[in-house]
Amino acid sequence: MILDLVRKLKARPDELPVLGDGSQQKAYLHVTDLVDAMLQARQALPDKRLILNLGPVDAGVSVKWIAEQVAARVAPGATIRYGTGNRGWTGDVPRFRYSVARLTATGWAPRLDSRGAILRAVDEIARQEGC
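The numbering of the sequence shown is the working numbering, which starts it at 1203 and goes up by one.
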């Protein structure tokens, strides 16, 4: 999603169209924490077929907040234009929550919460895209 928003702003710096009304809220994990979680799970859990959720321990952030962070970093003067409804695309869910208790019981915890993960990713992707 972040790459898409950055590229939309690069193509048209005055306006950022966003799917849905921006109220969708999800938890996000930075890729570095994801890799750490996978390695921790592999080492700490003896049953390699065990199914568990990997993610942050917070409630997440809204699409509106993410769009605002991307615009502030890439094109501060841009107008954010939201769609309608609390779903961005077919199959999207307005809120998504899951338990990461099985993984955190191994002692793993993400270094970044959803906000930190998004802010770091926005900066990394913006730099990658030359912004």
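Cβ atoms here follow ideal geometry from the backbone N, Cα and C, with glycine treated the same way. In this text, all values refer to a predicted model and were calculated from it rather than measured experimentally.
Cβ-Cβ separation, residue j to residue i (assumed contact under 8 Å), whole Å
i, j, result
"Ile1268", "Ile1320", "6 Å"
"Leu1254", "Arg1304", "4 Å"
"Val1302", "Leu1211", "32 Å between Cβ atoms; not a contact."
Sequence-distant residues of its chain with Cβ nearer than 6 Å to residue i (five each side left out)
i, result
"Arg1299", "none"
"Trp1310", "Ala1239, Gln1242"
"Arg1333", "Residue identity check: residue 1333 is Cys in the sequence provided, not Arg. Only Val1276 meet the Cβ criterion."
Candidates the options, of which the one nearest residue i by Cα
i, options, result
"Ile1282", "Lys1212, Leu1231, Leu1218, Ile1204", "Leu1218"
"Gln1226", "Gln1330, Val1302, Arg1322, Gly1285", "Gly1285"
"Met1203", "Asp1249, Ala1246, Lys1266", "Lys1266"
"Val1237", "Leu1256, Asp1223, Lys1250", "Leu1256"
"Asp1223", "Ser1264, Ala1274, Glu1331, Val1324", "Ser1264"
"Ala1307", "Asp1325, Val1324, Ala1246", "Ala1246"
Chain C within 8 Å of residue i, Cβ atoms only
i, result
"Glu1217", "In summary, chain C is missing from the structure at hand, where a single protein chain is found."
Check whether residue i and residue j have beta carbons under 8 Å apart
i, j, result
"Leu1221", "Pro1258", "no"
"Gly1262", "Ala1213", "no"
"Asp1325", "Asp1260", "no"
Same chain, Cβ closer than 8 Å to residue i, neighbours up to 5 away in sequence not counted
i, result
"Pro1215", "Val1276, Ala1277, Gly1279, Ala1280"
Cβ-based neighbour list, residue i, same chain, cut-off 7 Å, excluding 5 preceding and 5 following
i, result
"Leu1183", "There is simply no residue 1183 to check, as the chain begins at 1203 and stops at 1333 in what is shown."
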